[in-house]
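The sequence shown begins at 16 in this note's numbering and counts up one residue at a time. One structure below.
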Amino acid sequence: MKFRTRAIHHGQEKDPQTGAVTPPVYFTSTFVQPGAGDWGEYDYSRSGNPTRTALETTAASLEGCGDGGALAFASGMAAIHCVTGLLKSGDHVLAGSDIYGGAYRLFHKVMNRAGVEISLADATDPTAFAAELRPSTKLVWVESPGNPRMSICDYAAIAEVAHRHGALMGCDNTFATPVLCRPLEQGVDIVMHSATKYYGGHGDVLGGLLAVSTKELYDQLYFLQNATGAVLGPMDCFLVSRGIKTMELRVLEQSRTAMRLAEWLDPLPGVERVLYAGLPSHPGHAIAKRQMQGGFGGMLSLELKAGYEAAKRFVGATKLFQLAVSLGGVESLIEQPASMSHASYDAADRAKHGITDGLIRLSVGLEDFDDLRADLQQAFDAAASV
């Protein structure tokens with residue numbers, strides 16, 4: 016079956032007892048067992064719940080997990096934290112320099128306490144990135160498109176480098192979603208999604224997902240998930256499963272609108288640069304065109320020539336683009352990464368890696384293109400009039 020059909024039906028089969036088209040939500044913490052020491056399929060909802068299984072089954076199909084599987088967590092950060100449980104003191108993580116601020120914070124201000132070393136490097140150049148690997152590197156972590164600079168890295172090339180070095184490769188594929196890119200098919204070992212974003216799609220649920228293609232790695236991560244307990248509750252699993260059914264439709268339409276907005280913004284006299292991989296001028300355009308199918312995503316960033324104060328006025332002047340962190344919902348959002356989503360970066364690292372104070376990030380929703388363009392135009396006028 017094709018992607019859209021599997022999103023609706025795989026793991027979401029009718030209830031065998033009642034014939035209900037939408038499977039019931041299992042609000043239970045524990046399950047009666049056949050006998051002492053004789054375990055059934057489910058025993059305790061931290062270890063497994065039918066509603067969570069349904070979500071994980073759908074996600075595993077869409078991600079192309081093969082012999083592996085998917086795991087659902089209470090948040091995207093809980094999912095990344097589970098991955099770091101594979102590490103031990105003295106291990107090194109090499110991460111891309113264009114990553115989510117929460118991942119930066121976890122790596123630099125939590126995992127460092129456990130003796131795990133962290134360094135950032137530009138993942139857009141596989142050769143230069145490989146030069147930053149150490150004998151102790153056990154995990155490589157990247158994003159493509161990157162957050163917030165929308166940089167593009169070559170998953171297959173970096174996976175080859177990581178594996179040759181004996182390291183696992185993980186990626187945050189939240190921006191692209193499996194609609195546009197399936198990194199497991201390109202050699203990545205662990206794919207993470209903030210299910211809060213496009214998987215859920217409606218700004219009403221917090222969740223995270225991991226997807227892997229081997230049973231061995233799945234078993235290791237399941238053990239850590241069960242041991243640490245940051246699982247996704249049944250109601251949240253239901254909401255994410257409901258969102259999945261329209262994910263392809265939403266992502267493709269958001270990508271189309273984002274492309275039109277990027278093309279409109281790019282030549283404007285007050286815009287210093289637009290960061291969107293769909294533009295031929297983007298340095299990662301050729302890789303993105305090969306690596307992504309159907310579009311380039313609903314996220315884009317821009318910088319204004321007038322700088323920080325103008326950018327601050329701009330993000331405060333939009334009306335349809337609401338000033339908020341997060342992304343991937345039906346409502347368009349706008350934010351200033353330096354003071355919001357990436358405030359956890361040390362100032363020196365923000366400057367070093369191009370997260371300027373004047374950078375603006377847009378999450379394009381499902382509103383009409385003309386209305387979104389008009390909203391941005393009036394924000395330009397407001398920012399310039401002060």
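Cβ atoms here follow ideal geometry from the backbone N, Cα and C, with glycine treated the same way. Owing to the predicted nature of the structure, the values given are computational and were not obtained by experimental measurement.
Between the alpha carbons of residue i and residue j, how many angstroms are there, rounded?
i: Thr-20; j: Val-246; result: 27 Å
i: Ala-404; j: Ala-242; result: Outside the displayed range of the chain (16 to 401) lies residue 404, so it cannot be described from this structure.
i: Arg-67; j: Leu-342; result: 23 Å
i: Val-330; j: Gln-351; result: 7 Å
i: Met-274; j: Ser-104; result: 44 Å
i: Thr-261; j: Gly-83; result: 25 Å
i: Ala-191; j: Gly-312; result: 6 Å
i: Gly-117; j: Ala-353; result: 13 Å
i: Ser-166; j: Ala-292; result: 8 Å
i: Leu-387; j: Ala-339; result: 16 Å
i: Leu-221; j: Ala-51; result: 36 Å
i: Val-266; j: Tyr-213; result: 7 Å
i: Leu-135; j: Trp-279; result: 33 Å
i: Leu-239; j: Glu-346; result: 35 Å
i: Glu-71; j: Pro-141; result: 32 Å
i: Pro-282; j: Leu-290; result: 12 Å
i: Pro-160; j: Arg-120; result: 19 Å
i: Thr-189; j: Ile-370; result: 19 Å
When the Cα of residue i is compared with those of the options, which residue comes out closest?
i: Ala-394; options: Asp-385, Arg-365, Lys-334; result: Lys-334
i: Ala-75; options: Leu-377, His-24, Ile-95, Ala-110; result: His-24
i: Gly-202; options: Ala-226, Ile-114, Met-165; result: Ala-226
i: Ser-185; options: Val-255, Leu-195, His-96, Pro-284; result: Ser is not the amino acid found at residue 185; the sequence shown has Gly there. Of Val-255, Leu-195, His-96, Pro-284, the residue nearest in Cα terms is His-96.
i: Pro-150; options: Ser-134, Val-36, Asp-53, Gly-181; result: Gly-181
i: Arg-365; options: Pro-163, Glu-28, Asp-385, Pro-284; result: Pro-163
i: Thr-43; options: Tyr-59, Thr-33, Val-36; result: Tyr-59
i: Leu-264; options: Arg-61, Gly-215, Glu-28, Ile-114; result: Gly-215
i: Gly-100; options: Arg-179, Ala-110, Ala-129; result: Ala-129
i: Leu-254; options: Val-194, Ala-89, Lys-230, Leu-348; result: Ala-89
i: Gly-98; options: Gln-306, Met-355, Lys-153; result: Sequence check: residue 98 is Val here, not Gly. Residue Lys-153 is the option with its Cα nearest to Val-98.
i: Asn-127; options: Ala-146, His-107, Asp-137, Ser-112; result: His-107
i: Lys-230; options: Glu-56, Ala-143, Met-307, Gly-81; result: Gly-81
i: Pro-65; options: Cys-168, Tyr-41, Cys-196; result: Tyr-41
i: Gly-244; options: Ala-303, Asp-137, Gly-63; result: Gly-63
i: Thr-272; options: Ala-303, Asp-219, His-178, Asp-385; result: Asp-385
i: Asp-383; options: Lys-367, Phe-336, Arg-376; result: Phe-336
i: Met-207; options: Ala-93, Gly-34, Val-47, Asp-361; result: Ala-93
i: Leu-348; options: Ala-171, Gly-218, Cys-196; result: Gly-218
i: Gly-309; options: Ser-270, Pro-295, Leu-276; result: Ser-270
So, with DSSP's three-state summary, where would you put residue i?
i: Gly-202; result: coil
i: Leu-381; result: coil
i: Ala-245; result: coil
i: Gly-285; result: coil
i: Phe-88; result: strand
i: Thr-73; result: helix
i: Gly-161; result: coil
i: Gly-105; result: coil
i: Arg-271; result: helix
i: Thr-261; result: coil
i: Gly-50; result: strand
i: Ala-210; result: coil
i: Tyr-59; result: strand
i: Gln-308; result: coil
i: Thr-45; result: strand
i: Lys-153; result: strand
i: Leu-315; result: strand
i: Ile-23; result: helix
Please go through the same chain and pick out, in chain order, the residues whose beta-carbon is closer than 7 Å to the beta-carbon of residue i, but skip the five residues on each side of it.
i: Gly-373; result: Glu-318, Leu-319, Gly-322, Tyr-323, Ala-326
i: Glu-287; result: Glu-318, Leu-319, Lys-320
i: Pro-39; result: Asp-30
With 7 Å as the threshold, decide whether the Cβ of residue i is near any Cβ in chain D.
i: Ala-51; result: The structure shown has no chain D; it contains just one protein chain.
Can you tell me the Cβ-Cβ gap for residue i and residue j, rounded? I've got them flagged as a contact below 8 Å.
i: Asp-204; j: Leu-183; result: 5 Å
i: Ile-133; j: Asp-187; result: Between Asp-187 and Ile-133 the Cβ distance is about 15 Å, and since that is not below 8 Å, they are no contact.
i: Thr-73; j: Gly-26; result: 4 Å
i: Ala-138; j: Val-125; result: Not confirmed; about 22 Å, so no contact.
Counting only the same chain and skipping the five closest in sequence on each side, list residues whose C-beta sits under 8 Å from that of residue i.
i: Ala-332; result: Gln-393, Ala-394, Ala-397, Ala-398
i: Ala-87; result: Arg-67, Leu-70, Glu-71, Ala-74, Ala-210, Gly-222, Gly-223, Leu-224, Val-246, Leu-247, Cys-252, Val-255
Using C-beta distances below 6 Å, list every residue in its chain close to residue i, excluding the 5 sequence neighbours before and after it, in chain order.
i: Arg-61; result: Gly-244, Val-246
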